[in-house]
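One structure is given here, and the rest of the page talks about it.
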Amino acid sequence: MKNSSRLFLLLFALDVCSAQEAFDRLTFHASPKPLAAEAKTSDWPRVLGPTNDAHSPETHLLKTWGRGGPEKVWEVQMGEAYNSPAISGDYCVIFHALEGRETIECLHRETGKRFWSQDYPISYQDRYGFGNGPRGSPVIANGIVVTFGVTAELHAFDLKTGKPLWQLDLRKEYNVPQDFFGAGGTPLILDGRVIVNVGGKKAPIEDNEGMRDRKAKLAEAGVSVAAFDLQSGKVVWTIEDIWGSSYASPIPAKMHGQTKVLIYAGGESDPATGGLMCIDPSSGKLHSKFPWRSEDYIQAIGTSPVVIPGQNRAFITTAYPKGRPLGGAMVEYDAEFQAKEVWQSKKLGVHWMNPVYHDGHLYAIDGETEPKSRLVCVNAETGAEVWEQHIEWEDAEFSKLTGRANPTRLSILRASLLKADGGFLCLGETGSLHWLDLSPAGAKVLAQAQPFYALNTWSLPALSHGLLYVRQQSQDLLHKSGPRVMALDLRGK
1 MKNSSRLFLL LFALDVCSAQ EAFDRLTFHA SPKPLAAEAK TSDWPRVLGP TNDAHSPETH
61 LLKTWGRGGP EKVWEVQMGE AYNSPAISGD YCVIFHALEG RETIECLHRE TGKRFWSQDY
121 PISYQDRYGF GNGPRGSPVI ANGIVVTFGV TAELHAFDLK TGKPLWQLDL RKEYNVPQDF
181 FGAGGTPLIL DGRVIVNVGG KKAPIEDNEG MRDRKAKLAE AGVSVAAFDL QSGKVVWTIE
241 DIWGSSYASP IPAKMHGQTK VLIYAGGESD PATGGLMCID PSSGKLHSKF PWRSEDYIQA
301 IGTSPVVIPG QNRAFITTAY PKGRPLGGAM VEYDAEFQAK EVWQSKKLGV HWMNPVYHDG
361 HLYAIDGETE PKSRLVCVNA ETGAEVWEQH IEWEDAEFSK LTGRANPTRL SILRASLLKA
421 DGGFLCLGET GSLHWLDLSP AGAKVLAQAQ PFYALNTWSL PALSHGLLYV RQQSQDLLHK
481 SGPRVMALDL RGK
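See below:
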């Protein structure tokens, strides 16, 4: 029996390897180093990682490197997207818009070779001039890949084969308006249910409608949140509410011994709707709504709720300064899952990155725009700001390559933070990569590199089995390489 089992595993491994293929957008650089014998590893099945809070359990990671940073393992040219890869086992799934088609590709995590590819046509034009690709990231659970595209198409595929399992056009089914930048939240898969902040309305809303008709339709409740069966795509439950969709993602929260789902819902600003929903994932019961939305200004919510472990609390934040600036709020849930405000702070308004909670403090980038951005540490119990810091440096190499006489001063700007292996990985908005030591005592830069110089680096990296998957979302200002995803070797001793 043992020999039969080994033969089966060998044949399966050979079959998986033979199914991989190189393709024209892939550049393979070098095999990664072996993992350290005592290294802890994990998958990265969803945009905020295995614990939905931008924390990774990985250890024995590379903490020092030269100017070039960690060695590249492979890179793949990509189309338009504002999202992160998802990794499960040997499979790395990317999701982007390529030549007018939303494209899902499953790659080998260490070689970049492709297991399978699926695509379908979309018709979308961003009304604010940003990219026309998906905003939500792929999600992997129980051997199934789920994607939610910019036109609100929800698809499910078999992870190993790419076989389409089911698809739903939520825009058509639930009258989902285009919103600011199309549909964009990443679904949550929990207990066999795909939970989506749909943001539907009672009647279709066309972009060319008169303002009065548009306002009237936006004010009518539609399917705000829905759960679908992971295996079949069938509707499990729906919540009808005026609150619409946002670009944040649903987050599971263990409170009072039960698992609930928190959704920072949004919608357009006239009328102003949105805030924090607390939902029972089994029944779809809406326990409570905590309003947190500017009254008179366009506000595209991009930051997911931050659950405070063991405290029945969650933090939400938005950065938009016009109208009535809100900033961040800490809420606490009672035994009936009703929310009350614990504190609020106008000094902690985050645009789209997710704050990271660690040892009683929140670490985040405050500020809507690049010039106003700052790295802050906030006491999670009181909301008091502990410190602010601007991580800046002079880049003589950039000046040399661009022909400037004086060194160029760069900054992390609206960076992303990922907690791992006793420190914080920081991906700066223009492509810088840093190891940071963040504590209530301050911020220290332990290592720094510049893998590329590109604007709009807005996606949290994914970390799995000692490799860091980084998304470059616009053209490199120096080397003119286009959007891509790259796997960097972060394996240490």
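95 is the number that UniProt numbering gives to position 95 of the sequence shown; each next residue is one higher, with no gaps. We treat Cβ as the ideally placed atom computed from N, Cα and C, and that holds for glycine. In this text, all values refer to a predicted model and were calculated from it rather than measured experimentally.
For residue 393 and residue 86, the rounded distance between their alpha carbons: Numbered from its first residue, the sequence shown carries residue 86 at position 86. Numbered from its first residue, the sequence shown carries residue 393 at position 393. Cα to Cα, residue 86 sits roughly 32 Å from residue 393.
In whole angstroms, what separates the C-alpha of residue 345 from that of residue 166? Residue numbering aside, residue 345 sits at position 345 when the sequence shown is read from its first letter. Residue numbering aside, residue 166 sits at position 166 when the sequence shown is read from its first letter. Linking residue 345 to residue 166 through their CA atoms gives a straight-line distance of about 43 Å.
DSSP-derived helix/strand/coil call for residue 340: Locating residue 340 in the sequence shown gives position 340, counting from the first residue. In the structure shown, residue 340 sits in a strand (DSSP, three-state: E or B).
For residue 205 and residue 177, what's the separation of their Cα atoms in angstroms? By 1-based counting over the sequence shown, the position of residue 205 is 205. By 1-based counting over the sequence shown, the position of residue 177 is 177. Roughly 6 Å between the two C-alpha positions.
Contact set for residue 39: own chain, Cβ-Cβ below 6 Å, skip 5 residues either direction: For the purposes of this step, residue 39 is identified with residue 39 of the sequence shown, where counting begins at 1. Within the same chain, residue 39 has close Cβ partners 59, 60.
Residues of its chain near residue 7, where Cβ-Cβ distance is below 7 Å and the 5 sequence neighbours each way are ignored: Reading the sequence shown from its first residue, position 7 is the one you call residue 7. Note that residue 7 has pLDDT 48, beneath the 50 cutoff, so the model's placement of it is unreliable and no number is given.
What does residue 252 pair with, by DSSP beta-bridge criteria? Here residue 252 is taken as the residue at index 252 of the sequence shown, counted from 1. Answer is 261, bridged to residue 252.
Taking only three categories from DSSP, how would you classify residue 181? Mapped onto the sequence shown, residue 181 falls at position 181. Three-state result, residue 181: coil.
Identify the residues that DSSP records as bridge partners of residue 104: which are they? As a working mapping, residue 104 is identified with position 104 in the sequence shown. According to DSSP, which records beta bridges pairwise, residue 104 is partnered with 95, 118.
Residue nearest to residue 491 in terms of C-alpha spacing, selected from 458, 465, 354, 484: In the sequence shown, counting from the first residue as 1, residue 491 sits at position 491. Comparing Cα positions, the closest option is 465.
Please return the same chain residues whose Cβ sits closer than 6 Å to the Cβ of residue 152, not counting the five positions on each side in sequence. Counting from one through the sequence shown, the residue named residue 152 turns up at place 152. Excluding positions up to five away in sequence, the list reads 170, 171, 176, 183.
Going by DSSP, what residues sit across from residue 462 in a beta bridge? Position 462 of the sequence shown, counted from the first residue, corresponds to residue 462. Per DSSP, 469.
Quick check: what's the CA-CA separation for residue 423 versus residue 435? Counting from one through the sequence shown, the residue named residue 423 turns up at place 423. Counting from one through the sequence shown, the residue named residue 435 turns up at place 435. When only Cα atoms are considered, residue 423 and residue 435 end up about 7 Å apart.
Backbone secondary structure at residue 216 - three-state DSSP: On the sequence shown, position 216 is the one that residue 216 refers to. Helix, per DSSP.
Should residue 34 go down as buried or exposed, given a rule of 16 or more other Cβ atoms within 10 Å for buried? As a working mapping, residue 34 is identified with position 34 in the sequence shown. Exposed is the call here.
Assuming residue 339 contacts residue 350 under a Cβ cut-off of 8 Å, what Cβ separation, rounded to an integer in Å, is found between them? Residue numbering aside, residue 339 sits at position 339 when the sequence shown is read from its first letter. Residue numbering aside, residue 350 sits at position 350 when the sequence shown is read from its first letter. In fact, because the Cβ distance is near 19 Å, the residues do not count as touching under 8 Å.
Inspect the beta-carbon positions of residue 470 and residue 419 and report whether they are closer than 8 Å. Residue 470 sits at position 470 when you count from the first residue of the sequence shown. Residue 419 sits at position 419 when you count from the first residue of the sequence shown. The answer is no: Cβ separation not under 8 Å.
For residue 101 versus residue 449, is the C-beta spacing smaller than 8 Å? In the sequence shown, residue 101 corresponds to position 101, counting from 1. In the sequence shown, residue 449 corresponds to position 449, counting from 1. No, the Cβ-Cβ distance between residue 101 and residue 449 is not below 8 Å.
Please state whether DSSP places residue 491 in a helix, a strand or coil. Within the sequence shown, residue 491 is the residue found at index 491, counting from 1. If DSSP states are grouped into helix, strand and coil, residue 491 belongs with the strands.
Identify, in the order they occur along the chain, each residue of the same chain with its Cβ nearer than 7 Å to the Cβ of residue 407, setting aside the five sequence neighbours on each side. By 1-based counting over the sequence shown, the position of residue 407 is 407. The residues are 394, 395, 396, 399.
Quick check on DSSP: helix, strand or coil for residue 581? Because the chain here runs from 1 to 493, residue 581 falls outside it and cannot be looked at.
According to DSSP, residues forming a beta bridge with residue 352: To locate residue 352, count along the sequence shown from 1; it is residue 352. Looking at the DSSP assignment, residue 352 forms no beta bridge with any residue, so it has no partner.
Which whole-angstrom value is the C-beta distance of residue 132 and residue 150, which I expect to be below 8 Å? The residue you call residue 132 lines up with position 132 of the sequence shown. The residue you call residue 150 lines up with position 150 of the sequence shown. With 8 Å as the limit, residue 132 and residue 150 qualify as a contact, their Cβ atoms being about 7 Å apart.
Is the beta carbon of residue 487 sitting closer than 8 Å to the one on residue 473? Residue numbering aside, residue 487 sits at position 487 when the sequence shown is read from its first letter. Residue numbering aside, residue 473 sits at position 473 when the sequence shown is read from its first letter. Result no, Cβ atoms of residue 487 and residue 473 do not sit closer than 8 Å.
As a quick exercise: from 403, 98, 405, 348, pick the residue whose alpha carbon is nearest that of residue 385. Residue mapping note: residue 385 aligns to position 385 of the sequence shown, counting from 1. Of the listed residues, the one whose Cα sits closest to residue 385 is 348.
Neighbourhood of residue 107 by C-beta distance below 6 Å, restricted to the same chain and skipping five residues each side: As a first step, residue 107 must be located in the sequence shown, where it is residue number 107. For residue 107, where only same-chain residues beyond five positions count, the Cβ hits under 6 Å are 92, 114.
Whose C-beta lies closer than 6 Å to the C-beta of residue 241 among residues of the same chain, with five residues either side of it excluded? Along the sequence shown, one-based indexing puts residue 241 at 241. The residues are 221, 224.
Take residue 494 as the anchor and find which of 192, 391, 258 has the nearest alpha-carbon. In the structure as shown, the chain starts at 1 and stops at 493, and residue 494 therefore has no counterpart that could be examined.
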